[in-house]
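Enquirer: Residue numbers (the numbering used here): 38 to 254. A virtual CB, placed ideally from N, CA and C, is assigned to each residue, including glycine.
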Amino acid sequence: MRASADNGLKIVIVGGFGVGKTTLVRSVSEIRPLSTEETMTRAGESVDDVSAVRDKKATTVAFDFGRITLDAHNVLYLFGAPGQERFWFLWDRLFAGALGAVVLVDTRRLDDSWYAIDRLEQHGTPFVVARNDFGGQDFAPQAIRDALDLDPDVPLVHCDARARNSSKRVLIALVEHAKHRYRRAQSQSPKPTPTHVHSHDGQVPAHRNAHHKELPR
Numbered sequence: 038m039r040a041s042a043d044n045g046l047k048i049v050i051v052g053g054f055g056v057g058k059t060t061l062v063r064s065v066s067e068i069r070p071l072s073t074e075e076t077m078t079r080a081g082e083s084v085d086d087v088s089a090v091r092d093k094k095a096t097t098v099a100f101d102f103g104r105i106t107l108d109a110h111n112v113l114y115l116f117g118a119p120g121q122e123r124f125w126f127l128w129d130r131l132f133a134g135a136l137g138a139v140v141l142v143d144t145r146r147l148d149d150s151w152y153a154i155d156r157l158e159q160h161g162t163p164f165v166v167a168r169n170d171f172g173g174q175d176f177a178p179q180a181i182r183d184a185l186d187l188d189p190d191v192p193l194v195h196c197d198a199r200a201r202n203s204s205k206r207v208l209i210a211l212v213e214h215a216k217h218r219y220r221r222a223q224s225q226s227p228k229p230t231p232t233h234v235h236s237h238d239g240q241v242p243a244h245r246n247a248h249h250k251e252l253p254r
C-alpha cells in the first residue's frame, strides 16, 4: 500500500441493474469516460428485469472506464461493471488486481445487491456500500446494514452518483478502508477468519435469503 507518484489503483464499481454505476463513473472521471453502453430494446426486456427502471434507455454490456486523481500519490482507475445477471461472469475478471470495490445500492431493491456483496466477500476484496440517492423513503443506516447482512467493519455511506464531490467521497472512503484493512492485516499474525458460505452457481447464497430483513415500507 506504499504510495508513489505513479500509484495507480484499480477500483471496481458493482451493483444491480440500473443503480447508477455508469453515472458515478461519468460524474467523477477527470477524463472522458469509456463507455460500452448499448440502447435497450424490447427484445432485451425478456432477458433483463426493467420493472424498476422503466426510464432507462441504455445499458452497459462490458464495462465503463474512468480515471480520477485523488492526490499527489494516488490515481484511481475506475471500472464500472455491468449489472445484468447475464453479465455477472465478467465480474471475477474485473475483480482481479483491484484494490477494492464500491457496491452501489438502491434501497427500493436491496436484493439486487446480495450477489455483488457475496462475490466480493468470497474474493476477500475490500468494499464499501454506497446508498445511491433515488429519493423516496429515508432509512436508518442500521436498517440498511441489517437488510444487507453487512459485517460491522464494512463502511456504509450515502451517495448521489450524479454529483462529483459525493462520488469522490465514496472513493476516498474505499481507499481509506482498504488501507485500514491492510495495516490491520500487517499488524496481526495470520489467523483464519470466519466467512459466509458462498454459492458458485449464480444464485443468492442461502444465508442472505434466510437472514436478511426487509426494509419497512
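#1: Measuring straight from C-alpha to C-alpha, what distance separates ARG146 and HIS195?
#2: Mind pulling the alpha helix (DSSP H) runs of 4 or more residues that sit fully within the segment 143-227?
#3: With DSSP as the reference, label ARG63 as helix, strand or coil.
#4: Which value, in whole angstroms, describes the spacing of the CA atoms of TRP151 and HIS160?
#5: Given this structure, state the Cα-to-Cα distance separating ASP108 from PRO192, to the nearest angstrom.
#6: Look at the Cβ atom of VAL51, then the Cβ atom of LEU115, and state whether they are nearer than 7 Å.
#7: In the DSSP assignment, the beta strand (DSSP E) including ARG104 goes from what residue to what residue?
#8: Taking Cβ to Cβ, would you say LEU252 is nearer than 7 Å to PHE171?
#9: By how many angstroms is the C-alpha of ALA215 removed from the C-alpha of VAL65?
#10: Could you compute how far the alpha carbon of VAL56 sits from the alpha carbon of ASP190?
#11: Go to LEU131, then tell me how far its alpha helix (DSSP H) extends in each direction, as first and last residue.
#12: On the DSSP letters alone, give me the boundaries of the beta strand (DSSP E) that TYR116 sits inside.
Expert: Once the coordinates are examined:
#1: One alpha carbon belongs to ARG146, the other to HIS195, and they sit about 16 Å apart.
#2: Qualifying alpha helix (DSSP H) stretches, in chain order: 151-160, 178-185 and 201-224.
#3: DSSP, reduced to helix, strand and coil, places ARG63 within a helical segment of the structure shown.
#4: Near 14 Å, if we compare the C-alpha coordinates of HIS160 and TRP151.
#5: Approximately 22 Å between the Cα atoms of the pair.
#6: Their beta carbons are not under 7 Å apart, which means VAL51 does not touch LEU115 by this criterion.
#7: Looking at the DSSP string, the run of the beta strand (DSSP E) that includes ARG104 is 101-106.
#8: With a cutoff of 7 Å on beta-carbon distance, LEU252 and PHE171 are scored as not near each other.
#9: Rounded to the nearest whole angstrom, the C-alpha separation of VAL65 and ALA215 is 20 Å.
#10: Their backbone Cα atoms lie some 23 Å apart in a straight line.
#11: Where LEU131 is concerned, the enclosing alpha helix (DSSP H) stretches over 128-132.
#12: Here the sequence assigns Phe to residue 116, which means Tyr is not the residue at that position. Run containing PHE116: 111-117, per the beta strand (DSSP E) assignment.
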